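To keep things clear, I will list the structure first and then write my remarks on it.
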Amino acid sequence: MEIKFLSLCILAGVLFVSQVNASANNGKDDVKYAALTQKDLDALPVEKRASVLDELGFIHEYGLNVPMNREQALQYYKQACELGGNYGCY
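Numbered by mature numbering (1 follows the signal peptide of the UniProt record, and there is no 0), the letters in the sequence shown go through residues -22 to -1, 1 to 68 in order.
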């Protein structure tokens, strides 16, 4: 269980670094990183942990290397809130 959470944290770090790198190289790697991270997110099993669901909600809300999808973000936030998370409970 902790390995999945650690994997998500690493993925979030990669998403952040890819944003910085994309800015540095005028966005040439945007398509490559977007395809890679979307594939990784699709393959990531969503366990029932509020912190994981909050993070996925944030990624989708702001479109961090995935298409911005606020409806999907709200679903993740709602699930996180039901599990005791507080970020998406508003």
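Glycine included, C-beta positions come from ideal geometry on N, C-alpha and C.
Remember, predicted model here, so these are calculated numbers, not experimental data.
DSSP three-state assignment for K26, whether helix, strand or coil: In this structure, DSSP gives K26 a state outside helix and strand, which the three-state scheme calls coil.
Nearest-angstrom Cβ-Cβ length linking Y55 and G62, presumed shorter than 8 Å: About 13 Å separates the two Cβ atoms, so there is no contact after all.
Cβ-based neighbour list, residue 72, same chain, cut-off 6 Å, excluding 5 preceding and 5 following: Residue 72 cannot be examined here, being either before or after the span of the chain that is shown, -22 to 68.
Close Cβ partners of C59 (< 6 Å) along its chain, the five nearest in sequence each way excluded: Closer than 6 Å at Cβ, skipping near neighbours: G66 and C67.
Residue span of the alpha helix (DSSP H) that contains L52, given as start and end: Note, L52: alpha helix (DSSP H), R48 to E60.
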